[in-house]
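Engineer: Numbering of the sequence shown is given in the working numbering, commencing with residue 2 and proceeding in unit increments.
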Amino acid sequence: MREQLAGAERVSDLWHVVGALDEMPRGTVRLTRLMGEDVAIAVAADGRPLAWRPAAGLVDGAALDTAGVSNPLPVRRDFGYLWTSLGQPGPSLFAIPEYDEPDRRNMNAATFRVHVSAPRAVENFLDMGHFPFVHTNYLGVESHPEVKDYQVEISHDNDEIIATRCRFFQPMAAATAKGGMEVEYTYRVPHPYCAILYKSSPPAPGRHDVICIFLQPIDEEHVAANMLMSMIDHESSDTAIKAFQQKIFAQDKPILENQIPKRLPLDPRAEMPVRADKASIAYRRWLAEHGYTYGTVPQG
Ligand SMILES: [Fe+2]
């Protein structure tokens, strides 16, 4: 129990995503929840983002009255999202250098509410083994179910999990795909509730589309899943790029919500590992080592 409380304290000192800035009308209050606590967020008329602990009676959709904003929380803007923290966050967030490349299309593809813990959602994002069965004829086909061996390591420079040389045959890898191809993936997990995927870009050989899942932990068993797309795609409309990712995520949502338990067990004996779970084993161990136990079933 002590370990769990210590873990929750550490997670609350991190930056957490609370909304896509493009989707927040200026001057309007939105109420949300972060780690079980009420949080109000807004973008002021001058573009300044705000997050604070709301006074009783403040309603979602209210006009922003900056004079009424007390108990402000720290804020930052990264990758098109508003981030805040309930504790004392560090000076920086993880980097995604590709995001700033001039020929990329960056957008929030969707924000989905899902009844699952944030660590379960990260683990599902890392798992290629489900592609042929959950994303049939898009990210996998049932005739090619095998997950080839890949590498997983912890980067000591910035303390994140990196999985490389992940290869998978995909019939429809992206909105730009013209047919099936073996796609190479690299995964990064730089934050307990954020994962980044680099995958071969069909129109730009040698470069990668970047797809991120940034999970807002609403509480230990509910998330808002934000999908950032950073694409090399000069053909598809925003609507088509978003629709592709929304279709994929809509296939994941019922799988996520049927996970039992909803929190991620950190005991390595709790669930039987297979080769496809190599990244997942590293992720669970990394969470346990950091004491990032919020949203997990900690080791007994
Ligand atoms: Fe999936």
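Using N, Cα and C, we set each Cβ at its ideal position, and we do this for glycine too.
Compute the Euclidean distance between the alpha carbons of Y100 and R121, then round it to the nearest angstrom.
Structural biologist: As a working note, residue 100 is residue 99 in the sequence shown. As a working note, residue 121 is residue 120 in the sequence shown. C-alpha separation (whole angstroms): 26 Å.
Engineer: Would you mind sorting R264 into buried or exposed? The rule is 16 or more other CB atoms within 10 Å of its CB.
Structural biologist: In the sequence shown, counting from the first residue as 1, residue 264 sits at position 263. R264 comes out buried.
Engineer: Which residues in the same chain as T165 place their Cβ atom closer than 6 Å to its Cβ, once the five residues preceding and following it in sequence are excluded?
Structural biologist: Numbered from 1 along the sequence shown, position 164 holds the residue referred to as residue 165. Taken in chain order, the residues that qualify are Q152 and T187.
Engineer: If the criterion is Cβ atoms closer than 9 Å, does the pair A21 and Y82 meet it?
Structural biologist: Counted from its first residue, the sequence shown places residue 21 at position 20. Counted from its first residue, the sequence shown places residue 82 at position 81. Yes, they are a contact pair.
Engineer: By the DSSP assignment, the alpha helix (DSSP H) with K200 in it spans what residues?
Structural biologist: Position 199 of the sequence shown, counted from the first residue, corresponds to residue 200. Here K200 belongs to no alpha helix (DSSP H); instead the beta strand (DSSP E) covers C195 to S202.
Engineer: So, with DSSP's three-state summary, where would you put G207?
Structural biologist: The residue given as residue 207 occupies position 206 in the sequence shown. Here G207 sits in strand by DSSP.
Engineer: Return the chain-ordered ranges of every alpha helix (DSSP H) run that is complete within the stretch 104 to 147 and spans a minimum of 4 residues.
Structural biologist: 119 to 127 and 132 to 135
Engineer: Skipping 5 residues on each side, what residues in its chain have a beta carbon closer than 6 Å to that of A63?
Structural biologist: Here residue 63 refers to the residue found at position 62 of the sequence shown. Cβ neighbours of A63 beyond the five flanking positions: V30.
Engineer: Give the list of continuous alpha helix (DSSP H) stretches no shorter than 4 residues that lie fully inside the stretch 256 to 298.
Structural biologist: You should have 279 to 291.
Engineer: Taking A45 as the reference, give the member of H131, K243 and T67 with the closest Cα.
Structural biologist: One-based indexing of the sequence shown puts residue 45 at position 44. With distances taken between Cα atoms, A45 lies closest to T67.
Engineer: Using 8 Å for Cβ pairs, my map puts P98 next to R78. What's the rounded Cβ distance?
Structural biologist: If you number the sequence shown from 1, residue 98 lands on position 97. If you number the sequence shown from 1, residue 78 lands on position 77. P98 to R78, Cβ: 17 Å. No contact.
Engineer: Would DSSP call E161 helix, strand or coil?
Structural biologist: Your numbering for residue 161 matches position 160 in the sequence shown. Three-state result, E161: strand.
Engineer: Quick one: Cα of S13 to Cα of E124, how far?
Structural biologist: For the purposes of this step, residue 13 is taken as the residue at position 12 of the sequence shown. For the purposes of this step, residue 124 is taken as the residue at position 123 of the sequence shown. Distance between the alpha carbons of S13 and E124: 20 Å.
Engineer: Could you give the distance in angstroms between the alpha-carbon of D234 and the alpha-carbon of I162?
Structural biologist: For this step, residue 234 is matched to residue 233 along the sequence shown. For this step, residue 162 is matched to residue 161 along the sequence shown. Going by the C-alpha atoms only, they are around 28 Å apart.
Engineer: Grouping DSSP H, G and I as helix and E and B as strand, with all else coil, what is D253?
Structural biologist: Within the sequence shown, residue 253 is the residue found at index 252, counting from 1. Looking at D253 - three-state DSSP - the assignment turns out to be helix.
Engineer: Could you work out which residue in V19, T112, L94 and F132 is closest to Q252 when comparing CA atoms only?
Structural biologist: Along the sequence shown, read from residue 1 onward, the residue named residue 252 stands at position 251. Cα-wise, what sits closest to Q252 is F132.
Engineer: How should E10 be labelled, buried or exposed, when 16 other C-beta atoms within 10 angstroms of its C-beta is the threshold for buried?
Structural biologist: Indexing the sequence shown from 1 puts residue 10 at position 9. At E10, the pLDDT of 49 sits below 50, so the modelled position is not reliable and the matter cannot be decided from this model.
Engineer: So P299 packs on L267, CB below 8 Å; how close in whole Å?
Structural biologist: Residue 299 sits at position 298 when you count from the first residue of the sequence shown. Residue 267 sits at position 266 when you count from the first residue of the sequence shown. Indeed they touch by this definition, with Cβ atoms about 6 Å apart.
Engineer: If you run the structure through DSSP and keep just helix, strand and coil, what is P98?
Structural biologist: Taking the sequence shown and counting its residues from 1, one reaches residue 98 at position 97. Note: P98 maps to helix in three-state DSSP.
Engineer: Can you grab the Cα-Cα spacing for the pair P191 / I155, in whole Å?
Structural biologist: Along the sequence shown, read from residue 1 onward, the residue named residue 191 stands at position 190. Along the sequence shown, read from residue 1 onward, the residue named residue 155 stands at position 154. The alpha-carbon atoms of P191 and I155 are separated by roughly 10 Å.
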